[in-house]
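S.K.: Questions regarding the structure given below will be posed in turn.
Residue numbers (this note's numbering): 12 to 104.
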C-alpha cells in the first residue's frame, strides 16, 4: 500500500521541519507526494525532496510525485531540476 502525503502550499524553510517529520514517518513504505497545491518550492524544500527520493531508492521503495502544480514545476526548474528526476528515481525501483 502506498502512503500519500499532501505537500503544503509553501515548501520553504519554516515548513520543512514538519514535512520532514511526516516523510520520515513514512520511511519503509511506498510514498506518493501530492504536489497539486504547491505554490512555492524553496531550496530547503527541494533538498528534502531530493534526500527523500534518494533514501527511498536506496531502500527499494517507490517515491512518486502526484499532480505537480504549475508553480511546483516552474520552481523545480528554476532550482535546476526537472520532474523527470523523480520519475527516474521511481523507475529505478
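Just so it is clear, CB atoms sit at the ideal spot from N, CA and C, and this is done for glycine as well.
The structure displayed is predicted, hence computed values, not measured ones.
Have a look at residue 85 and residue 47 and give me their C-alpha separation to the nearest angstrom.
M.R.: Cα to Cα, the separation comes out at about 13 Å.
S.K.: For residue 79, does the count of other Cβ atoms within 10 angstroms reach 16, so buried, or fall short, so exposed?
M.R.: Burial call: buried.
S.K.: Which residue marks the beginning of the beta strand (DSSP E) containing residue 75, and which one marks its end?
M.R.: Element bounds for residue 75: 74-77.
S.K.: Taking 8 Å as the limit between beta carbons, can you name the residues of its chain near residue 94, skipping five residues before and five after?
M.R.: Correct list, in chain order: 76, 79, 84 and 87.
S.K.: Of the residues 91, 44 and 92, which one's Cα is nearest the Cα of residue 63?
M.R.: With distances taken between Cα atoms, residue 63 lies closest to 44.
S.K.: Spell out the partners DSSP gives residue 44 in its beta bridges.
M.R.: Note: residue 44 sits in a beta bridge opposite 16 and 76.
S.K.: According to DSSP, residue 61 sits in a beta bridge with which residue or residues?
M.R.: DSSP lists no partner for residue 61.
S.K.: Would you kindly check if the distance between the Cβ of residue 59 and the Cβ of residue 96 is under 7 Å?
M.R.: No, they are not a contact pair.
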